[in-house]
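First up is the structure itself, then whatever we jot down about it.
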Amino acid sequence: MNDRDKFINIIERFIALAAVRLSDDVIARLEEMRDGEDSELQKAIYDSYFANLKMAVNQIKPCCQDTGLLQFYIKTGTKFPYLDITACVINEAVRRATQSVPLRPNAVNYFDDQNTEDNTGERVPWIDWEIVPESDEMEITLYFSGAGCSLPGQAKVFKPSDGLEAVIPFVHEVVTGAGINACPPLLVGVGLGHNIDNAASLAKKACLRALGTSHPHPKGAALEKKILCSLNKLGIGAQGLRGNQIAMGAHVESSARHTATRACAVNLSCYALRRGIIKLKSDLSYELPTYKGASL
107 MNDRDKFINI IERFIALAAV RLSDDVIARL EEMRDGEDSE LQKAIYDSYF ANLKMAVNQI
167 KPCCQDTGLL QFYIKTGTKF PYLDITACVI NEAVRRATQS VPLRPNAVNY FDDQNTEDNT
227 GERVPWIDWE IVPESDEMEI TLYFSGAGCS LPGQAKVFKP SDGLEAVIPF VHEVVTGAGI
287 NACPPLLVGV GLGHNIDNAA SLAKKACLRA LGTSHPHPKG AALEKKILCS LNKLGIGAQG
347 LRGNQIAMGA HVESSARHTA TRACAVNLSC YALRRGIIKL KSDLSYELPT YKGASL
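Just so we're aligned, residue 107 is where the sequence shown starts under our numbering, counting upward by one.
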């Protein structure tokens, strides 16, 4: 097997792992949330979640039937020896994984209006690049973007005079609207920037952060706590039914803004938060920091 095929094989198997098994931090948070519910109905819903997740691992099948569109967030060193072929490798790995996992074919090109049948198409799988000078390693975060979580997403640009106080009502509007159809408990990603596109990108990256982490700025961390606390006082629980916790976390990512704008975007992820990380070295050896004890 040449290096290109080895790279494809690694990514194909990584896709399979991330489709089948939730990362360790998500499982731990769901267990904690089950203990935080009072009603027998809520506990039963969580038990059904765990039963489904266990069967997925035992039967090596995706834990959700909507395997979504695959998004790859890549942090790569300029000296990673396979950088030039990475995009081609990912596309081929997605094609193969569609058959081998299998993944439900979801990619439909806009103007052909036809399913491509292999989860590739116009600019998908989506690849986001971050360059690290002088490094010869690569870190890939994979996210399965299902329709249930994508439909509620919204972005809005406020006047600067509206202040940060405008953010929380907007988040509530998104979460309590279509958000309750996205299989709560949700991970709520909030992006704060200067226009719709950069706020939306930040909101997605907020969903990729490990649970239990906080915004580096004290005011950002305080805003996260305020959003999470207020959401979990709504009386909504798992599956949108009455309960104590609608959100497993509220993560905020931010950038500098224009003097005359204050943009906010909200991106949601369901309880089946399928995002995993693989770290590759220059010899294609790898680590799986989000899956303790796993191998490909």
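By construction, the Cβ of each residue, glycine as well, lies at the ideal position given by its N, Cα and C atoms.
Roughly how many angstroms separate the alpha carbons of N225 and Y249, rounded to a whole number? Translated into positions along the sequence shown, residue 225 becomes position 119. Translated into positions along the sequence shown, residue 249 becomes position 143. Approximately 14 Å, taken between the alpha carbons.
Rank G295, A316, A328 by C-alpha distance to the C-alpha of E403 and give the top, closest one. Since the displayed the chain opens at 107 and closes at 402, residue 403 lies outside it and no answer follows.
Can you give me the Cβ contacts of T204 inside the same chain, cut-off strictly under 7 Å, excluding the 5 residues immediately before and after it? The residue given as residue 204 occupies position 98 in the sequence shown. Around T204: P211, D224, N225.
Beta-carbon contacts of R201 that lie in its chain and below 8 Å, excluding the five residues immediately before and after: Residue mapping note: residue 201 aligns to position 95 of the sequence shown, counting from 1. Cβ within range, chain order: D224, N225, T226.
Can you tell which of T247, V238, K181, L257 has its C-alpha closest to the C-alpha of S376? By 1-based counting over the sequence shown, the position of residue 376 is 270. Correcting the residue identity first, residue 376 is Cys in this sequence and not Ser. Nearest C-alpha to C376: L257.
Buried or exposed (CB count within 10 angstroms, at least 16 for buried), G341: Translated into the one-based positions of the sequence shown, residue 341 becomes position 235. Classification for G341: exposed.
Alpha carbons only, please: which of A305, V296, L386, S267 is nearest the one belonging to N112? If you number the sequence shown from 1, residue 112 lands on position 6. Reading off the sequence, residue 112 comes out as Lys, not Asn. Residue L386 is the option with its Cα nearest to K112.
Please name the residue in D131, L317, K160, M354 whose C-alpha comes closest to that of L337. The residue you call residue 337 lines up with position 231 of the sequence shown. With distances taken between Cα atoms, L337 lies closest to M354.
Using 10 angstroms around the beta-carbon of E359, count the other beta-carbons present and answer buried if the total reaches 16, otherwise exposed. Within the sequence shown, numbered from 1, the residue matching residue 359 stands at position 253. When all chains shown are included, E359 counts as buried.
Whole-angstrom Cβ separation of I196 and I233, contact assumed at under 8 Å? Here the question's residue 196 lines up with position 90 in the sequence shown. Here the question's residue 233 lines up with position 127 in the sequence shown. Right, the Cβ-Cβ distance comes to about 6 Å (below 8 Å), so this counts as a contact.
Terminal residues of the continuous beta strand (DSSP E) containing A378? Sequence index remark: in the sequence shown, residue 378 carries index 272 (1-based). Premise fails: A378 is in no beta strand (DSSP E) and is neither H nor E.
Buried or exposed, going by whether 16 or more other CB atoms sit within 10 Å of the CB of G299? The residue given as residue 299 occupies position 193 in the sequence shown. Buried, because 16 or more other Cβ atoms sit within 10 Å of the Cβ of G299.
Simplified DSSP assignment, three categories, for C289: Sequence index remark: in the sequence shown, residue 289 carries index 183 (1-based). In this structure, C289 counts as coil in the three-state DSSP scheme.
Cβ-Cβ distance between Y397 and D130 below 8 Å: Within the sequence shown, residue 397 is the residue found at index 291, counting from 1. Within the sequence shown, residue 130 is the residue found at index 24, counting from 1. Closer than 8 Å, so yes.
If you draw a straight line from the C-alpha of S206 to the C-alpha of I117, how long is it? Counting from one through the sequence shown, the residue named residue 206 turns up at place 100. Counting from one through the sequence shown, the residue named residue 117 turns up at place 11. Their backbone Cα atoms lie some 12 Å apart in a straight line.
Comparing C-alpha positions only, which one of S145, L128, Q177 sits nearest to K310? As a position in the sequence shown, residue 310 is number 204, starting the count at 1. Checking every option, the nearest Cα to that of K310 belongs to Q177.
I'd like the span of the beta strand (DSSP E) that includes L248, first residue to last. The residue given as residue 248 occupies position 142 in the sequence shown. Element bounds for L248: 244-251.
Checking 8 Å against the spacing of the C-beta atoms, do K265 and R368 come in under that value? In the sequence shown, the residue the question calls residue 265 occupies position 159. In the sequence shown, the residue the question calls residue 368 occupies position 262. Yes, they are a contact pair.
I246 versus Y188: straight-line alpha-carbon distance, rounded: Reading the sequence shown from its first residue, position 140 is the one you call residue 246. Reading the sequence shown from its first residue, position 82 is the one you call residue 188. Cα to Cα, the separation comes out at about 13 Å.
Where S145 and Q351 are concerned, what is the direct C-alpha to C-alpha distance, given to the nearest angstrom? Taking the first residue of the sequence shown as position 1, residue 145 is located at position 39. Taking the first residue of the sequence shown as position 1, residue 351 is located at position 245. Going from the Cα of S145 to the Cα of Q351 covers about 12 Å.
Can you give me the Cβ contacts of V320 inside the same chain, cut-off strictly under 7 Å, excluding the 5 residues immediately before and after it? Translated into positions along the sequence shown, residue 320 becomes position 214. It should be pointed out that residue 320 corresponds to Ser in this sequence rather than to Val. Counting only Cβ-Cβ distances below 7 Å, and skipping sequence neighbours, we find A327, E330.
For A356, which of helix, strand or coil comes out of DSSP? Within the sequence shown, residue 356 is the residue found at index 250, counting from 1. Strand.
Among N115, R119, I133, nearest to G318 - alpha-carbon criterion: In the sequence shown, the residue the question calls residue 318 occupies position 212. Here the closest residue by C-alpha is I133.
Mind reading off the beta-carbon distance from F186 to S388? Whole number of angstroms is fine, and I expect it under 8 Å. Here residue 186 refers to the residue found at position 80 when the sequence shown is read from its first residue. Here residue 388 refers to the residue found at position 282 when the sequence shown is read from its first residue. Contact flag correct, Cβ pair sits at about 6 Å.
If we ignore side chains and look at the alpha-carbon of each, how far apart do E279 and L308 end up? Position 173 of the sequence shown, counted from the start, is the residue given in the question as residue 279. Position 202 of the sequence shown, counted from the start, is the residue given in the question as residue 308. So the alpha carbons of these two residues sit roughly 19 Å apart.
A213 in three-state terms, based on DSSP: Your numbering for residue 213 matches position 107 in the sequence shown. Note: A213 maps to coil in three-state DSSP.
Among P239, L175, E198, which residue has its Cα nearest to the Cα of V214? Indexing the sequence shown from 1 puts residue 214 at position 108. Nearest C-alpha to V214: L175.
Should I166 go down as buried or exposed, given a rule of 16 or more other Cβ atoms within 10 Å for buried? In the sequence shown, residue 166 corresponds to position 60, counting from 1. When all chains shown are included, I166 counts as exposed.
From this set, T173, N287, E240, L123, which residue's C-alpha is nearest L374's C-alpha? Against the sequence shown, residue 374 aligns to sequence position 268. Taking only the C-alpha atoms, the option nearest L374 is N287.
What are the boundary residues of the alpha helix (DSSP H) that G438 is part of? Residue 438 lies beyond the residue range present for the chain, which begins at 107 and ends at 402; the question has no answer from this structure.
Inter-residue spacing [alpha-carbon to alpha-carbon] between R348 and D153: Walking along the sequence shown from the start, residue 348 turns up at place 242. Walking along the sequence shown from the start, residue 153 turns up at place 47. Approximately 16 Å, taken between the alpha carbons.
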